[in-house]
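Residues in the sequence shown are numbered consecutively from 831, following our numbering. Even for Gly, the Cβ is constructed at its ideal location relative to N, Cα and C.
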Amino acid sequence: MKSLTKTDFEFPNQKEVYKGKVRDVYFIGDDYLVMIASDRISAFDHILPAGIPYKGQVLNQVATHFLKATEDIVPNWLIDVPDPNVAIGYRCEPIRIEMVIRGYLTGHAWREYKAGKRVLCGVEMPEGMNENDPFPKPIITPSTKAVEGHDEDISREELLKQGYATEEIYAQLEEYTHKLYQRGVEMAKERGLILVDTKYEFGMKDGKIMLMDEIHTPDSSRYFYLEGYEERQANKEPQRQLSKEFVRQWLIENNFQGLEGQKMPVIPEDFIQLITARYIELYEKITGGKFEKADTTNIEERIVENTVKSLSRL
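Right, dumping it as structure tokens:
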């Protein structure tokens, strides 16, 4: 199975390219962009040295599934999906904040809690909670969106003070975040899943807030299986989950958390295949559809042909 780990395209009217951890963004003229979901995978803000076949297709198709399902809540950047790994949309001016919303105490929040902290991004977390317990109500714990390097936790007060957004804009971001998360929770429940936590990115276009990037994918979200959740919590057992957390746990077990001096472990082939299977499982579970593996024989040629055809219609 071939994986797409790097791109180097030249599309008509292309002005610049941004290479992200997972997605590569090609800016077309002043108004449009082509977002290509690669098969790279990142954890602890580091790109793993192996590509994951079909991961980019899963991410792109899950994200576009949810963008279309939430466009009544907030306008988004998506215009067309001409290829399994490609989305074409409007170019926006990014708001450099990741709107992280958490319904449950897990992942980064749990690691902070376990270390004795009871305030995360200025938000108080109740005493007496166990890992994977639900919060009394979802909490928003924003982080700054770094152009390079690590994203940093930040409080509402501090991001307003530093000018990341006006109070009016940020209040709207909070409202959109809560509504998007609630829609995601409802859609997940219909599929026998719990949307545990997720993050959203927004930008401005023509003076209006627009939802950008991906939503509710396994790279940006964490899902638990609904069946057996209560029993596992009662017995203090780990939850069954569909997310990238198992990759993080594998790295932790192999002495890597992205800290200075730590060396990225070699990813064995059987673990790569397991990651692919997990991503496909999530796609089928969350969308209710069967995953159709795209032909990856000439993946670069396929992407160019499909993308150029779509751009010609803009």
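- Collapsing the DSSP output to three states places F1076 in a helix.
- Straight through space, the alpha carbons of G1091 and G1118 are spaced by roughly 43 Å.
- Burial check for T1127: the Cβ neighbour count within 10 Å stays below 16, so the residue is exposed.
- Spatial neighbours of L897 in its own chain (CB-CB distance under 6 Å, excluding positions within 5 residues in sequence) are listed in chain order as N906 and L908.
- In this structure, the straight-line span from the alpha carbon of S1050 to that of K1029 is close to 6 Å.
- The closest CA to that of I866, considering only R1132, E1031, F874 and R853, is found on R853.
- For I918, DSSP records a beta bridge to V864 and D910.
- Assigned with DSSP and collapsed to three states, Q1012 falls in helix.
- In the structure shown, M1017 falls within a helical segment according to DSSP collapsed to helix, strand and coil.
- Remark: C-beta atoms of D1043 and R932 do not approach each other more closely than 8 Å.
- Restricting attention to Y1053, E1122 and Q1012, the CA atom closest to the CA of T900 is found in Q1012.
- The residues I858 and G859, in chain order, have a CB closer than 7 Å to that of N843 in the same chain once the five nearest residues on each side in sequence are set aside.
- Partner residues in the beta bridge of G1033, as assigned by DSSP, are P924 and M1040.
- Counted as a single uninterrupted DSSP element, the stretch harbouring Y994 is not any beta strand (DSSP E), since DSSP gives it neither H nor E.
- R1021 and I1116 have their alpha carbons spaced roughly 6 Å apart.
- In the structure shown, E846 falls within a strand segment according to DSSP collapsed to helix, strand and coil.
- In the three-state reduction of the DSSP assignment, H876 falls in the strand class.
- In this structure, S833 and I877 do not form a Cβ contact; the two beta carbons are roughly 13 Å apart against a cut-off of 8 Å.
- Judged by DSSP in its simplified three-state form, Q1069 adopts coil rather than helix or strand.
- When secondary structure is reduced to three states using DSSP, V1026 falls in the strand class.
- Bounds of any beta strand (DSSP E) do not take in V1096, whose DSSP letter is neither H nor E.
- I1129 sits in a helix when the DSSP states are folded into three classes.
- Note: T974 is bridge-paired with I927 and E982 in the DSSP secondary-structure output.
- DSSP places I871 outside both helix and strand once states are collapsed to three, so it counts as coil.
- A check of alpha carbon separations from E1111 across Y1055, I1129 and Q1069 identifies Y1055 as the nearest.
- No residue range can be given for F839, since it is assigned to no beta strand (DSSP E) and is classified by DSSP as neither H nor E.
- Taking 8 Å as the cut-off, the Cβ atoms of D983 and S973 count as close.
- Under the DSSP definition of a beta bridge, V855 partners with Y848 and M865.
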